[in-house]
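Encoded as structure tokens, the structure appears first; notes follow it.
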Amino acid sequence: MAKMITVSDIAKKKAEGRPISMVTAYDCAMARIVNEAGIDMILVGDSLGNVILGYSSTIPVTMDDMIHHTAAVMRGNDRCMVVGDMPFMSYQADVAEAVRNGGRLLKEGGCAAVKLEGGREAAPMVKKMVEAGIPVCGHIGLTPQSVNALGGFKVQGKEAATAKKIMEDALALEAAGAFAIVLECVPAPLAEKVTESLKRAATIGIGAGSGCDGQVLVCNDLLGFSTGFCPKFVKKYANVHDVILQAMKDYKTEVEAGTFPAAEHTFTISEEVLKKLY
Ligand code: KIV
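Quick note on the working numbering: the sequence shown kicks off at 15 and runs consecutively.
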């Protein structure tokens, strides 16, 4: 069995300036491929609300959804550091609830760490969770669980006041003990400054340029799973939508033409046995 990547390995990579790779996964089959690819970290993101469950935001995602998918990912994982996302309202109301729900993700989902959204206001939760033995990854900049408060999905930190807030939020999360911080949709020069200012916590960028300690993308985006809207920061490394669509069409055609299943997909029985039926 391969050695699992831990928070110490992530800290070492930051210290040595070696880029950290992270991708989302929501099930066992994808986790197996991500492991095979040698990627460092898997995020079981609450983006599964949009990507897998068909919601229009991450708001409806529940703790039970996250535990179900995190456990599925863990069944296909033997190497990556797996981070389970804390869904909306599983940690915002109070510290004790945050610790209990973070603990549930580790105990029932089997992941090694959790992620939550928010800056200074989330620092007390992060501190208590870390003290309880739960490694925490922060998430600032564009935080999709606050999309209603942010007024939409847009780049964060473009003005002096909001840029200052992002820097202060990152420092507060690091001081609270976060081992990593996702920076989403933040101007690249700001993300680079935040990365330089953090001594221990690794920054993981998504739409935050190349100056972060690592990068994360949603697996369905990088695979080109859908033909719908695609954010500017996504690079499609494949066009899985077209591959799957063609395979489905070919299957339908062959079923309708009677050419599938062919002899090689079919089990036989001896004539002698068959005769005994009538
Ligand atoms: O839920 C998610 O997939 C995320 C990433 C976009 C960072 O939070």
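Note that the Cβ used here is the ideal one computed from N, Cα and C, for glycine as well.
Q.
Quick check on this structure: which residue in CYS199, ILE218, LYS207, LEU156 has the alpha carbon closest to the alpha carbon of MET181?
A. In the sequence shown, the residue the question calls residue 181 occupies position 167. Closest option to MET181, Cα to Cα, is LYS207.
Q) Is SER22 helix, strand or coil by DSSP? A) Within the sequence shown, the letter at position 8 stands for residue 22. Note: SER22 maps to helix in three-state DSSP.
Q: Kindly examine ligand 1 and report whether one of its heavy atoms sits closer than 7 Å to the Cβ of GLU188.
A: Taking the sequence shown and counting its residues from 1, one reaches residue 188 at position 174. Checking the Cβ of GLU188 against ligand 1 gives no.
**Q.** Run of the beta strand (DSSP E) containing SER35, from where it starts to where it stops
**A.** If you number the sequence shown from 1, residue 35 lands on position 21. SER35 -> beta strand (DSSP E) spans 34 to 38.
Q. Taking C-alpha atoms, which residue in LEU237, GLU270, CYS244, ILE283 lies nearest to GLU258?
A. By one-based count along the sequence shown, residue 258 stands at place 244. Here the sequence assigns Ile to residue 258, which means Glu is not the residue at that position. Comparing Cα positions, the closest option is LEU237.
Q | Residue(s) in a DSSP beta bridge with THR294 | A | This structure cannot settle anything about residue 294, because the visible part of the chain is limited to 15 through 292.
Q.
ligand 1 and ASP183: does the residue's C-beta get closer than 7 Å to at least one heavy atom of that ligand?
A. If you number the sequence shown from 1, residue 183 lands on position 169. Answer for ASP183: no, Cβ out of range of ligand 1.
(Q) Would THR84 and CYS42 qualify as a contact pair, given that the criterion is a beta-carbon distance under 8 Å? (A) Here residue 84 corresponds to residue number 70 of the sequence shown, with the count starting at 1. Here residue 42 corresponds to residue number 28 of the sequence shown, with the count starting at 1. Cβ atoms of THR84 and CYS42: not closer than 8 Å.
(Q) Please report the straight-line C-alpha distance between LYS246 and MET88, rounded to a whole angstrom. (A) The sequence position of residue 246 within the sequence shown is 232, counting from 1. The sequence position of residue 88 within the sequence shown is 74, counting from 1. Cα-Cα distance, rounded: 31 Å.
Q.
By the DSSP assignment, the beta strand (DSSP E) with HIS153 in it spans what residues?
A. The residue labelled residue 153 in the question sits at position 139 within the sequence shown. That run of the beta strand (DSSP E) goes 150 to 155.
Q) So who's on the other strand from LYS129, going by DSSP bridges? A) The count along the sequence shown starts at 1 and reaches residue 129 at position 115. According to DSSP, LYS129 bridges with ASP99, CYS151.
Q) In three-state terms, what does DSSP make of GLY123? A) As a working mapping, residue 123 is identified with position 109 in the sequence shown. DSSP places GLY123 in helix when its eight states are reduced to three.
**Q.** Selection from ALA215, MET262, GLY219 that minimises the alpha carbon distance to VAL150
**A.** If you number the sequence shown from 1, residue 150 lands on position 136. Of the listed residues, the one whose Cα sits closest to VAL150 is ALA215.
(Q) Any residue with its C-beta under 7 Å from a non-hydrogen atom of ligand 1 counts. Can you list them all in chain order? (A) THR38, LEU57, GLY59, ASP60, SER61, THR72, ASP99, LYS129, HIS153, PRO158, VAL196, GLU198, ILE220, VAL230, VAL232
(Q) If I follow the unbroken alpha helix (DSSP H) through VAL58, where does it start and stop? (A) Here residue 58 refers to the residue found at position 44 of the sequence shown. Taken as a continuous stretch (DSSP letters only), VAL58 belongs to no alpha helix (DSSP H), being part of the beta strand (DSSP E) at 55 to 58.
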